[in-house]
Amino acid sequence: MTMKNLNKRLQMEATPLIDGDTATFVWKGAAPPNLRGDFSNWEGVPAGAWQSGPKGFWTYQHEFPTDAYLEYCYGEDGSRQSDPFNNRLTSNGIGFENHYFYMPEGRPSQWAVADNAVPRGTVSRHRVATDGTISRRQRTVYLYRPPVAGPVPLLLVYDGRDYRRRAKLTTIVDNLIATGRMTPVALALLPNAGTGRMAEYACSEGMLLFLLHKLLPLAERELDLLPLADNPGAFGVMGASMGGLMALFTGLRLPHIFGHVYSQSGAFEFGPYQSLVFDLVAARTRPDLQLYLDVGQFEWLLEPNRHMRAALHKAGYTFSYHEFNAGHNYPAWRDNLHRGLARLFPAAPEPEVGAGAVDRRAVNIWGKEFRKV
């Protein structure tokens with residue numbers, strides 16, 4: 005790329021500059037920067053990988069899948085430098101912002117876009133005493149009621165505040181219901197305990213006690229739910245990372261309640277040590293669980309999830325597994341939520357379209373058509 009072409013493109017495009025499956029990062033300075041990102045496991049790209057150019061410009065090229073979503077930064081966390089050629093920023097959840105970009109075939113999930121033409125569910129906030137089962141005397145729980153008449157299944161969401169704010173979960177559920185992709189569900193969104201998150205999500209029996217004696221009674225009082233006595237295992241549970249681990253643990257321990265499990269980037273291993281969920285899977289406590297696992301190609305939990313896939317297969321579980329071209333972050337989980345939700349809670353078959361009937365197989369919202377798949 006000539007200097008003239010580089011300057012012209014920098015005036016018109018954000019970096020990295022995209023050409024097919026190749027992304028070109030650009031920096032201007034006396035020395036190449038410390039580039040870290042999903043694609044380097046957040047380790048610095050070697051300085052020798054950068055190509056020097058005239059007038060203090062440096063370029064680094066990397067090939068990616070054409071639908072990938074990637075995040076990156078320059079510098080260490082204590083001394084980060086902004087990319088002057090890319091103002092696209094997103095929170096990394098731990099106090100910093102990362103730059104991000106999509107490759108040509110990637111884009112933010114259309115399911116996460118709210119539209120006034122789509123009926124919306126309602127969210128209420130509640131405070132619940134823990135009675136020592138988990139940390140803090142009281143915890144906040146958000147309950148989502150879908151915009152339809154019940155009764156409906158309940159989906160418990162670990163890291164519920166983050167899923168609602170950062171992954172737009174309630175908007176996605178609204179849109180999936182409106183387009184006939186998903187059966188209506190209610191949500192119990194449970195925020196994490198901050199510094200106590202690791203302890204509560206590391207296969208915690210105390211958390212199960214809280215669910216059984218505090219959260220579920222609240223949800224049954226406030227929402228129009230399917231009766232478990234007549235529909236054992238009708239409820240679902242989901243989470244990401246440590247929340248994904250806790251979601252699978254919850255389903256394996258309480259399958260008569262939570263028969264639908266969605267784990268995103270589940271933290272099933274800690275270095276050389278495997279979580280006890282591997283032992284529960286091997287014991288085949290409930291092989292009829294409905295399971296959906298997804299994980300990013302550009303994250304450190306890819307191999308642990310592949311190990312879990314092998315363990316589930318060996319134990320005879322029927323499950324769905326998906327690898328997406330992104331890293332370990334909420335935008336990536338957001339962009340893939342529609343697949344797992346529609347698979348675990350598929351809409352009931354529609355009657356034949358006739359006179360006076362509404363064809364929900366194709367619903368036109370946001371100016372385009374979304375079909376059931």
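The numbering of the sequence shown is this note's numbering, which starts it at 5 and goes up by one. Backbone N, C-alpha and C fix where the C-beta goes; we use that ideal spot for every residue, glycine too. In this text the structure is predicted, and so the values were computed from the model without any measurement.
Does DSSP classify residue i as helix, strand or coil?
| i | result |
| --- | --- |
| residue 373 | Per-residue confidence for residue 373 stands at a pLDDT of 40, beneath the threshold of 50, marking its modelled position as unreliable; the derived number appears in the next sentence. Three-state DSSP puts residue 373 in a strand. |
| residue 22 | strand |
| residue 190 | strand |
| residue 125 | coil |
| residue 49 | coil |
| residue 333 | coil |
| residue 174 | helix |
| residue 169 | helix |
| residue 27 | strand |
| residue 62 | strand |
| residue 162 | strand |
| residue 289 | coil |
| residue 367 | Note that residue 367 scores a pLDDT of 40, beneath 50, so its modelled location is shaky; the value from the coordinates is reported in the next line. Strand. |
| residue 392 | Beyond the ends of the chain as shown, which are 5 and 377, falls residue 392; an answer cannot be given. |
| residue 221 | helix |
| residue 264 | strand |
| residue 281 | helix |
| residue 258 | coil |
| residue 149 | strand |
| residue 307 | helix |
| residue 210 | helix |
| residue 199 | helix |
| residue 44 | helix |
| residue 9 | helix |
| residue 321 | coil |
| residue 242 | strand |
With distances taken Cα to Cα, identify the nearest neighbour of residue i among the options.
| i | options | result |
| --- | --- | --- |
| residue 257 | 276, 106, 284 | 284 |
| residue 196 | 140, 189, 152 | 140 |
| residue 267 | 221, 343, 261 | 343 |
| residue 159 | 99, 262, 86, 281 | 262 |
| residue 69 | 314, 334, 280, 302 | 302 |
| residue 87 | 148, 231, 40 | 40 |
| residue 207 | 341, 254, 107 | 254 |
| residue 85 | 24, 36, 6 | 36 |
| residue 214 | 91, 136, 233 | 136 |
| residue 278 | 289, 290, 312, 295 | 312 |
| residue 198 | 177, 237, 97, 322 | 97 |
| residue 280 | 304, 22, 315, 168 | 315 |
| residue 27 | 91, 12, 107, 111 | 107 |
| residue 56 | 91, 6, 25 | 6 |
| residue 209 | 138, 92, 118, 114 | 138 |
| residue 95 | 113, 75, 226, 112 | 75 |
| residue 238 | 164, 295, 12 | 295 |
Drop a sphere of 10 angstroms on the beta-carbon of residue i, count the other beta-carbons inside from all chains shown, and report buried for 16 or more, exposed for fewer.
| i | result |
| --- | --- |
| residue 204 | buried |
| residue 179 | buried |
| residue 131 | exposed |
| residue 17 | exposed |
| residue 83 | exposed |
| residue 217 | exposed |
| residue 264 | buried |
| residue 8 | exposed |
| residue 332 | buried |
| residue 385 | Only positions 5 to 377 of the chain appear in this structure, which leaves residue 385 out of reach. |
| residue 361 | Note on residue 361: pLDDT 40, under 50, position unreliable in the model; the coordinate value appears next. It counts as exposed. |
| residue 234 | exposed |
| residue 166 | buried |
| residue 224 | exposed |
Flag this pair as yes or no: are the beta carbons of residue i and residue j separated by less than 7 Å?
| i | j | result |
| --- | --- | --- |
| residue 330 | residue 73 | yes |
| residue 172 | residue 244 | no |
| residue 146 | residue 193 | yes |
| residue 120 | residue 79 | no |
| residue 150 | residue 125 | yes |
| residue 249 | residue 270 | yes |
| residue 319 | residue 286 | yes |
| residue 336 | residue 187 | no |
| residue 66 | residue 100 | no |
| residue 148 | residue 212 | no |
| residue 300 | residue 328 | yes |
| residue 123 | residue 229 | no |
| residue 297 | residue 259 | no |
| residue 14 | residue 105 | no |
| residue 142 | residue 153 | no |
| residue 341 | residue 240 | no |
| residue 189 | residue 157 | yes |
| residue 47 | residue 71 | no |
| residue 77 | residue 102 | yes |
| residue 334 | residue 168 | no |
| residue 321 | residue 291 | yes |
| residue 338 | residue 128 | no |
May I ask whether a heavy atom of the ligand ATP can be found less than 6 Å away from the beta carbon of residue i?
| i | result |
| --- | --- |
| residue 133 | The ligand content of the structure shown is nil, which means the ligand ATP is not present either. |
_Count Cβ pairs between the stretch 305-325 and the stretch 49-63 that sit closer than 8 Å; are there 3 or more?_
no
Does the stretch 28-35 come within contact of the stretch 62-76, defined as at least 3 CB pairs closer than 8 Å? yes
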